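Written out below as structure tokens is the structure these notes cover.
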Ligand SMILES: Cc1cc2nc3c(=O)[nH]c(=O)nc-3n(C[C@H](O)[C@H](O)[C@H](O)COP(=O)(O)OP(=O)(O)OC[C@H]3O[C@@H](n4cnc5c(N)ncnc54)[C@H](O)[C@@H]3O)c2cc1C
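Residue numbers (our numbering): 2 to 422.
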């Protein structure tokens, strides 16, 4: 039997960052896929560069950005001022919707203002109720509810008021009114960075600090004996002192044979279509949000406007309910519908599709509720008592960014250390 002090499940950003920060290199990183990166992976095809879904970066800790960039030599990193829009009533309005209602047709603007003024006093004990209580019916029903229901693929009344945490672009009534006279672009990703070779270059930077002979690709952990501290993979058994899991928490519970109520851990899936065309489409814009219920996708991003290249290069995101499996035929039909919808929205005109790639992110956005928060915390605590630490976006069952993953991995390495300084 193999033995290592640390066993790390998953070579996504979290697992790699943990291995990188450890001073002790007696570890194995075991990754089910045949390459590193998890959801932060890049595909190059027929001259197009696509991620598994648009991954753009907005670092809050300069030292985390420096830690990555210092390892990237002369690789170009683009720094971009965000241009994000909403397609509404056959026109574009700036994102976020709630701060830009003055760009709506006049009667709809008046309706939104009236509803904002007359919004219900009670806070609303769920995400949907919160949207009505903070923004009134007009803003809630024209954009915030239909858009987020397409994204989360669930009734928003099932989510907690704070389900999106800092990623929800809240605006006070004063800010909404002020923005009509003095528009401002802000939010957590008003500017973002993107490596010219795709998001995976950040992963490559982290991996430089990880022993390549200790990363096992195409190896899946299938079960874990918590008492014996032995993990069984599809290839071997590995005894460990401490296990760090970055696979989805629900997968970990399954591996450990721990029963749980699957309804507590609901989530959406995101079907991503990366599409490359023979000529240019709309210019300037980086991504567009679509609240229309009869349009299949909730967001479309334009890599060509980030790279300033002359072939339209899109990622298209479709929210899929967690309990719906798409067969290959259904995925093909969805792709055909996406292309039709792109024409309906005016993104696609005479361009011809010349390259494509698709991937299903499952899970993509976990449904955060009071029960999911409490149950995940409880399970993680129980596991930690048995030297199993479940971290990362899906290991912790949360909503966070790649930078948050690095911060969390570093903190755990320091805690269970020895960590690099
Ligand atoms: C649609 C979408 C868009 C996003 N956009 C951004 C963005 O613009 N900016 C940003 O900062 N973040 C973004 N994120 C978040 C970002 O993708 C995540 O924070 C990050 O990728 C999580 O990394 P991780 O290592 O925790 O998990 P993962 O990337 O999921 O890595 C976990 C790894 O574990 C492996 N694994 C699973 N089960 C097993 C097993 N049994 N045995 C072995 N290996 C296993 C998986 O194959 C995977 O490689 C986005 C997420 C989504 C869904």
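Every residue gets a Cβ at the ideal spot worked out from N, C-alpha and C, and that includes glycine. Predicted model only: the values in this text are computed from it and were never measured.
With a 10 Å radius around its C-beta and 16 neighbouring C-beta atoms as the bar for buried, classify residue 2 as buried or exposed.
exposed
Can you give me the C-alpha to C-alpha distance between residue 161 and residue 134, rounded to a whole angstrom?
14 angstroms
Which two residues bound the contiguous alpha helix (DSSP H) that contains residue 358?
Looking at the DSSP string, residue 358 is not in any alpha helix (DSSP H); the run it does join, the beta strand (DSSP E), is 354-362.
Along the chain, which unbroken stretches of the alpha helix (DSSP H) at least 4 residues long are found entirely within the stretch 219-293?
250-257
Heavy atom of ligand 1 less than 7 angstroms from the Cβ of residue 260, yes or no?
no
Please tell me whether residue 86 and residue 96 are closer than 8 angstroms, where the distance is taken between their beta carbons.
yes
In terms of alpha-carbon separation, which member of 232, 242 and 294 lies closest to residue 256?
232
Alpha carbon to alpha carbon, how far is residue 148 from residue 410?
Roughly 32 angstroms separates the two Cα atoms.
For residue 355 and residue 278, which I take to be in contact (beta-carbon distance under 8 angstroms), what is that distance rounded to the nearest angstrom?
6 angstroms
Does residue 50 come out as helix, strand or coil in the three-state DSSP assignment?
The answer is strand: DSSP assigns residue 50 an E or B state.
Check whether the Cβ atoms of residue 159 and residue 370 lie closer than 8 angstroms to each other.
yes
From residue 120 to residue 144, what does the alpha carbon distance come to, in whole angstroms?
16 angstroms
Indicate, with yes or no, if ligand 1 has a heavy atom lying under 7 angstroms from the CB of residue 55.
yes
Can you check whether the CB of residue 221 is closer than 8 angstroms to the CB of residue 20?
No; because the gap between Cβ atoms is not below 8 angstroms, this pair is not in contact.
Classify residue 397 as buried or exposed, calling it buried when 16 or more other Cβ atoms lie within 10 Å of its own Cβ.
Flag for residue 397 reads buried.
Go ahead and label residue 318 buried or exposed: buried means 16 or more other beta carbons lie within 10 angstroms of its beta carbon, across all protein chains shown.
Taking a 10 Å sphere around the C-beta of residue 318, we find 16 or more other C-beta atoms and assign the residue as buried.
Candidates 216, 245, 68 and 219: which alpha carbon is nearest residue 230's?
Cα-wise, what sits closest to residue 230 is 245.
Could you tell me if the beta carbon of residue 10 falls within a distance shorter than 7 angstroms of some heavy atom in ligand 1?
Within the cutoff, so yes.
So is the beta-carbon of residue 13 under 7 angstroms away from any non-hydrogen atom of ligand 1?
yes
Is residue 245 near ligand 1 - that is, is its Cβ less than 7 angstroms away from at least one heavy atom of it?
No, the Cβ of residue 245 stays beyond 7 angstroms of every heavy atom of ligand 1.
Would you list, in sequence order, the uninterrupted beta strand (DSSP E) runs of no fewer than 3 residues that lie entirely inside the stretch 56-100?
78-82, 85-89 and 92-95
From which residue to which residue does the beta strand (DSSP E) around residue 331 run?
Where residue 331 is concerned, there is no enclosing beta strand (DSSP E), although the alpha helix (DSSP H) it sits in stretches over 329-345.
With three or more beta-carbon pairs closer than 8 angstroms as the criterion, would you say the stretch 202-215 touches the stretch 339-355?
no
Name the DSSP beta bridge partners of residue 390, please?
245
Mind checking whether the beta-carbon of residue 338 lies closer than 7 angstroms to any heavy atom of ligand 1?
no
For residue 54, which residues of its own chain have a beta-carbon under 7 angstroms away from its beta-carbon, when the five flanking residues on both sides are left out?
271, 273, 316, 318 and 362
Alpha carbon to alpha carbon, what distance is there between residue 314 and residue 416?
43 angstroms
Measure the alpha-carbon distance for residue 327 versus residue 336 and round it to whole angstroms.
12 angstroms
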